[in-house]
Amino acid sequence: MKISKDSVFYNALVLSSSGVALQILGFVYRIYLSRLAGAEGLGVYRLVLPVFTIVISATLTGVRLAVTRLSADMRTHSDGPAIRSLTRSCILIFLLLFAACAWPLVQYNHVISAHILGDERTGPALIIFMGVIFLAGFEGIFESLFLGIRKTKYTAISNLLEQGVQFAAVLGLLYCLRNGDHTRTAALIVSGLVISEIPVVIWLSMAYRHELCGRNACPRPRKVGRGLLTRILAIAFPVSCSSVFTNILSAASTVLLPQRLMCAGLSRQEAVSALGIVSGMAQPLITLPMVLATSLANVLLPHLSQSLSQGRREDVRRKIQKAFQATGLIILPATAIIVPLAPSLSRLLYGQDLSEVYVILLAVSAILMDYQMICMSILNGLGLQKQGMFYIIIGEACQLAVTYFVAALPQVHIYGYLAGMVVSPLIVVAASLCLIRRRFGLWPRAVASGLVPIVAAVVVGLCTRIFHLSLLARNLGDFGAIILTLLGSVGLYLFLFPALGLHPLRYIRTLIPRHQKDFSVLADSQNP
Numbered sequence: 001m002k003i004s005k006d007s008v009f010y011n012a013l014v015l016s017s018s019g020v021a022l023q024i025l026g027f028v029y030r031i032y033l034s035r036l037a038g039a040e041g042l043g044v045y046r047l048v049l050p051v052f053t054i055v056i057s058a059t060l061t062g063v064r065l066a067v068t069r070l071s072a073d074m075r076t077h078s079d080g081p082a083i084r085s086l087t088r089s090c091i092l093i094f095l096l097l098f099a100a101c102a103w104p105l106v107q108y109n110h111v112i113s114a115h116i117l118g119d120e121r122t123g124p125a126l127i128i129f130m131g132v133i134f135l136a137g138f139e140g141i142f143e144s145l146f147l148g149i150r151k152t153k154y155t156a157i158s159n160l161l162e163q164g165v166q167f168a169a170v171l172g173l174l175y176c177l178r179n180g181d182h183t184r185t186a187a188l189i190v191s192g193l194v195i196s197e198i199p200v201v202i203w204l205s206m207a208y209r210h211e212l213c214g215r216n217a218c219p220r221p222r223k224v225g226r227g228l229l230t231r232i233l234a235i236a237f238p239v240s241c242s243s244v245f246t247n248i249l250s251a252a253s254t255v256l257l258p259q260r261l262m263c264a265g266l267s268r269q270e271a272v273s274a275l276g277i278v279s280g281m282a283q284p285l286i287t288l289p290m291v292l293a294t295s296l297a298n299v300l301l302p303h304l305s306q307s308l309s310q311g312r313r314e315d316v317r318r319k320i321q322k323a324f325q326a327t328g329l330i331i332l333p334a335t336a337i338i339v340p341l342a343p344s345l346s347r348l349l350y351g352q353d354l355s356e357v358y359v360i361l362l363a364v365s366a367i368l369m370d371y372q373m374i375c376m377s378i379l380n381g382l383g384l385q386k387q388g389m390f391y392i393i394i395g396e397a398c399q400l401a402v403t404y405f406v407a408a409l410p411q412v413h414i415y416g417y418l419a420g421m422v423v424s425p426l427i428v429v430a431a432s433l434c435l436i437r438r439r440f441g442l443w444p445r446a447v448a449s450g451l452v453p454i455v456a457a458v459v460v461g462l463c464t465r466i467f468h469l470s471l472l473a474r475n476l477g478d479f480g481a482i483i484l485t486l487l488g489s490v491g492l493y494l495f496l497f498p499a500l501g502l503h504p505l506r507y508i509r510t511l512i513p514r515h516q517k518d519f520s521v522l523a524d525s526q527n528p
C-alpha cells in the first residue's frame, strides 16, 4: 500500500526515523560529554539551562505554535504569499522579544549568576547562551513552518545536521581546551551549541526559499495587516506568558534542588553532582523512547487544527483516539525494555550506580511526560492552548512544592525531586483528559489504550529482566548481556503484538484516510 506523504503516518515516520538516529548519536554524545565534563561540570551547565528555557518561552514558544497552526490553515488554501507574510511577521516579533530579554541578561549577568542561579561559575555560559537563543529563534520558526505545511523532511535533516555538528563542536572544544575549571567547561559546551546552530539556520533558510519560491519568481509576501498580527498574537501571547511562568517554576525546582539537597546533608559538590547525574545521565537514558511520542505530537497538531477548521469533528475524535492508542502500544513496552537495563547501562557508560527505585521513578515520569506531550498537542491543535498551559502551571507548581519540602528531608533527598517529576505530569494528563472528555465526549478506550499496552509492557519488562539476569549469570559482562538482551527483547516486542492481532503503526497510518484530499502548497501557483 502506497503511503501518502500528506498523512500523519508518513510525517511521524520521517520524524521518528530521524529521531532514532538523533537518539543514537545523542546517546554517544552524552557518554563522551559526561566523561569530558564530569558530573559537576554538567551540573554547572544544567544550572544555566533554566534561564535558556525561560527566554525561549518568552521569545519563541508562542510564536512557534502560531506559525504551525496558522501555516496549516493557510496551506489548505495554497496561500503562499500569506505564509511568507506570516513567517516574516513572526521573525520580527521574535527579534523584538529577543532584544528585550537579552539586554538585562547581559547587563546584570553577575547578579543573575551569583544571586539567582546561586553559582558564579554560570556567568560566562549565560552570556554565550544569548547567541544560541538568537540562532534558535530562526531555526524554530522555520521548523514550525515546515511542520505546518507538512514538509517534515527539512526538519528531520536540520535536526540530524544540528546534532552532528554539536557532537563534533562540543566534544572537540572540551577535548582541546578544557582545563578542569568547571566555569570554562560550561562555557565551552555552550560555545559548541552556538557553532551547531549556524549550519542549521543556513540549511533551513535555503529550504524555505526553495519550498516557497520554487522555479518561478518568489511570491511577494502580502503587506502585514492588523488582522494577521492579531491572529498571531492571539495564539502566541497567552502561550508565551503561560510558558514563561511554567518555566520559571520549573527553573526554580532546578535551581533550588542543590540548595535543598544541602539541607538534607549533602555537600555543595555532591548536590551539584546529583543534579548532573539526574538531568545529564540518568534521565536521557530512561527517556530514549520519548522520541517516538515527540514525533507523533509534532505532526498531530497541524492535522487536528486543519480537521477542526474544516468542521470534521468526527475525524478529530478518531485522530485523538488513535493517538492515545498508538502512544500506549509503542511507548509503554519500549520503556519497559529500558528499565531493567538502566542500572547496567549507567554503570557501563557513566560509571554511576542507579538504584531500582531511582530508575522506576524516572520511568514513570518519562511515560507520563510522553502522554503529557500528546495531550498538549491535542489541546493546542483544538485551540485549547490556554487551558493546557494552565494545567502545566499547576503541575510545575506542585513539582516545585514537592522539591522544596521533600528533597530537603535527609532520608529522602534526591528521591523527593524524582517524586515531583512524577506528580507534575500526572496532574497535567489527568486534567487534560477531563477537558477533552468535556469538549468531545471522548475518553481513551480502557482496553485498547490502557489494559493491552500495560499487559504488554509488563510481559516485555519481565522477560527483559529474566534475559538480562540469565546472561549476567553466564559471565558475559555488562556489554554482552545488554546487547543480547536488547536483541531478544526487541524480537519479543515485535512478535508479541502481531501474535495478539495488534499493529501499533496501523493506528498512526490510518489517522489520515486514503480518500482524504491532499492539499499542497505549490510554489509555482503562488504568484500574486
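Just so you know, we're using full-length UniProt numbering here: the sequence shown kicks off at 1 and counts up by one.
Idealized CB from N, CA, C, for every residue including glycine.
Within the same chain, S57, A58, T61 and G62 come within 7 Å of S240 by CB-CB distance, once the 5 residues on both sides are set aside. Approximately 6 Å separates the beta-carbon atoms of I393 and S242; this is inside 8 Å, confirming the contact. The distance from the Cβ of S305 to that of G381 is about 5 Å, consistent with a contact at the 8 Å cut-off. By alpha-carbon distance to G140, the top candidate from Y108, R64 and E396 is R64. Fewer than three beta-carbon pairs drawn from the segment 104-119 and the segment 164-171 are found closer than 8 Å, and the two stretches are therefore not classed as touching. The residue from L42, F98 and V422 with its alpha-carbon nearest to that of L174 is L42.
Shown here for I83: same chain residues with a beta carbon closer than 6 Å to its own, the five before and five after excluded, namely S71 and M74 in chain order. Contact between S113 and L95 does not hold, since their C-beta atoms are separated by about 25 Å, which reaches or exceeds 8 Å.
Per DSSP, I337 is one residue of the alpha helix (DSSP H) stretching across R313 to L349. The Cβ atoms of T403 and Y417 lie closer than 8 Å to each other. Put simply, of L442, A168, V51 and R121 the residue whose alpha carbon is nearest the alpha carbon of V316 is L442.
In the structure shown, Y108 adopts coil according to DSSP, grouped into three states.
In this structure, L292 lies away from K319, with their beta-carbon atoms at least 8 Å apart. The alpha carbon of I157 has as its nearest neighbour, out of P199, T287, T183 and L177, the alpha carbon of P199.
The closest CA to that of F134, considering only T53, A168 and G118, is found on T53. Remark: three or more beta-carbon pairs, one from each stretch, lie closer than 8 Å, so the segment 324-341 and the segment 450-458 are flagged as touching. Taking C-beta separations shorter than 8 Å and ignoring five residues to either side along the sequence, the partners of A397 in its chain run L249, following chain order.
In this structure, the straight-line span from the alpha carbon of A252 to that of V55 is close to 14 Å. The DSSP-derived three-state label of R150 is coil.
Rounded to whole angstroms, the Cβ separation of T464 and P340 is 5 Å, and the two are in contact under 8 Å. DSSP, reduced to helix, strand and coil, places L296 within a helical segment of the structure shown.
Counting along the chain, T287 sits inside no alpha helix (DSSP H), nor does DSSP assign it H or E at all. The alpha helix (DSSP H) runs lying completely inside the segment 349-373 and spanning 4 residues or more number zero. Along the segment 390-473, the alpha helix (DSSP H) occurs as fully enclosed runs of 4 or more residues at 414-440 and 452-473, listed in sequence order. In chain order, A456, A457, V460 and Y493 place their CB closer than 6 Å to the CB of P333, counting only its own chain and leaving out the 5 sequence neighbours on each side. Secondary structure of N179 (DSSP, three-state): coil. Unbroken alpha helix (DSSP H) runs of no fewer than 4 residues, entirely contained in the segment 222-282, are found at 226-263 and 268-277, following chain order.
Taking a C-beta distance under 8 Å as the contact criterion, L285 and A342 qualify as a contact pair. One Cα belongs to G131, the other to A186, and the distance between them is close to 15 Å.
Under the 10 Å beta carbon count, N298 is surrounded by 16 or more other beta carbons and is classified as buried.
For A274 and H303, the gap between their C-alpha atoms comes out near 41 Å. Within the model, the alpha-carbon separation for Q269 versus E40 is close to 7 Å. I360 sits away from T335, with the two beta carbons spaced by 8 Å or more. When only Cα atoms are considered, L400 and G420 end up about 7 Å apart. Non-local beta-carbon contacts of R445 in its own chain, meaning distances under 6 Å to residues more than five positions away in sequence, are absent. Distance between R184 and I149, taken at the CA atoms: about 42 Å.
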